[in-house]
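Here the structure is laid out as structure tokens; the discussion comes afterwards.
Residue numbers (full-length UniProt numbering): 1 to 307.
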């Protein structure tokens, strides 16, 4: 395809793991098991935070919403990946690719803001405990969750439109496991520096601002915890934050490395591995992190599941 542009580009080819043909069957089973564990694990957290009265608190309300987001987030990419591995048909239509990218970006922005909201909830609980139920009332929690879902929509739709408005040339093969910005930019003709700057600006607004809010929240939390006279109190306060910090580190670490690296050092294989972290690994470990490190959820699970 020489000099192919936007008007006649009808589909892309997602190469995925086509360079590992002998391992595709094993990869299909592996990703299927991971996807099922994500659905079951996060689904269990949603169920127990809804039906157990002891978990009807702002913290578990946010955790339940975060688990629902993780299910949606992975469902944007993994089913298509499984289909490609099973059928060996790697083509994806232009429209389907645009929808997948838009959904993926919106879910990613929502996760950034929701993680910041969860950090703020811990800040209020530890630093302003007497006012916790006044500040984090039910209406406020709903507004924070809805705000997290809708905050990134305008920017991400605009970002997708900008990427797919670029003139495309050369091959229609995307060396990635789903439609993402870095591999799409590689197919674009001419100078894409403006688009790269737009991506960096987008990341700064939708990822770095929530990340800085999380850092500020935990700086205040750590300062308050260190002032506690009781070692038991300090340990309990740290334990309520540790699960959230692990998830933040996994998600933000891999996402920032992927999107903030200069184009000159981008590697298709490295991008695939990094994308697996924030699209699959974090959602898979989310139920494990929040259940194994949380006594309230373990107790609720024991009530729900047969002994």
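Positions of the beta carbon are idealized from the N, C-alpha and C atoms, including for glycine.
Would you identify the three-state DSSP class for residue 92, choosing helix, strand or coil?
Taking the first residue of the chain shown as position 1, residue 92 is located at position 92. It is a strand residue.
Considering only the alpha carbon of each residue, which of 220, 22 and 105 lies closest to residue 153?
As a working note, residue 153 is residue 153 in the chain shown. Checking every option, the nearest Cα to that of residue 153 belongs to 105.
Using 8 Å for Cβ pairs, my map puts residue 166 next to residue 192. What's the rounded Cβ distance?
In the chain shown, counting from the first residue as 1, residue 166 sits at position 166. In the chain shown, counting from the first residue as 1, residue 192 sits at position 192. That pair is a contact at about 7 Å.
Can you tell me which of the three DSSP states residue 227 falls into?
Counted from its first residue, the chain shown places residue 227 at position 227. Three-state DSSP puts residue 227 in coil, outside helix and strand.
Would the beta-carbon of residue 151 fall within 8 Å of that of residue 119?
Locating residue 151 in the chain shown gives position 151, counting from the first residue. Locating residue 119 in the chain shown gives position 119, counting from the first residue. Against a cut-off of 8 Å, the Cβ pair of residue 119 and residue 151 comes out as no contact.
Measure how close the beta-carbons of residue 28 and residue 85 come, nearest whole angstrom, since I'm counting them as under 8 Å.
On the chain shown, residue 28 is found 28 positions in, with the first residue counted as 1. On the chain shown, residue 85 is found 85 positions in, with the first residue counted as 1. With a Cβ gap of about 4 Å, residue 28 and residue 85 count as contacting.
Return the CA-CA distance between residue 301 and residue 203, expressed in angstroms with no decimal places.
Locating residue 301 in the chain shown gives position 301, counting from the first residue. Locating residue 203 in the chain shown gives position 203, counting from the first residue. When rounded, the distance between both Cα atoms is 37 Å.
Taking Cβ to Cβ, would you say residue 66 is nearer than 8 Å to residue 144?
Mapped onto the chain shown, residue 66 falls at position 66. Mapped onto the chain shown, residue 144 falls at position 144. Their beta carbons are not under 8 Å apart, which means residue 66 does not touch residue 144 by this criterion.
Going by DSSP in three states, residue 12 sits in which element: helix, strand or coil?
As a position in the chain shown, residue 12 is number 12, starting the count at 1. Reduced to three states, the DSSP call for residue 12 is strand.
Going by alpha carbons, who is nearest to residue 127 out of 303, 220, 21 and 32?
Within the chain shown, the letter at position 127 stands for residue 127. Comparing Cα-Cα distances from residue 127 to each of 303, 220, 21 and 32, the minimum goes to 220.
CA-CA distance, residue 242 and residue 290?
The residue you call residue 242 lines up with position 242 of the chain shown. The residue you call residue 290 lines up with position 290 of the chain shown. Answer to the nearest angstrom: the Cα atoms are 9 Å apart.
Please report how far the alpha carbon of residue 45 lies from the alpha carbon of residue 245, in whole angstroms.
In the chain shown, the residue the question calls residue 45 occupies position 45. In the chain shown, the residue the question calls residue 245 occupies position 245. Taking the straight line joining both Cα atoms gives about 18 Å.
From this set, 148, 116 and 276, which residue's C-alpha is nearest residue 76's C-alpha?
Locating residue 76 in the chain shown gives position 76, where the first residue counts as 1. Cα-wise, what sits closest to residue 76 is 276.
Quick check on DSSP: helix, strand or coil for residue 39?
For the purposes of this step, residue 39 is taken as residue 39 along the chain shown, with counting starting at 1. For residue 39, the secondary structure class from DSSP, reduced to helix, strand or coil, is helix.
Can you name the start and end residues of the alpha helix (DSSP H) that residue 294 belongs to?
Position 294 of the chain shown, counted from the first residue, corresponds to residue 294. No alpha helix (DSSP H) contains residue 294, which DSSP labels as neither H nor E.
From the DSSP secondary-structure annotation, give me the bridge partner or partners of residue 188.
For the purposes of this step, residue 188 is identified with residue 188 of the chain shown, where counting begins at 1. Paired residues: 168.
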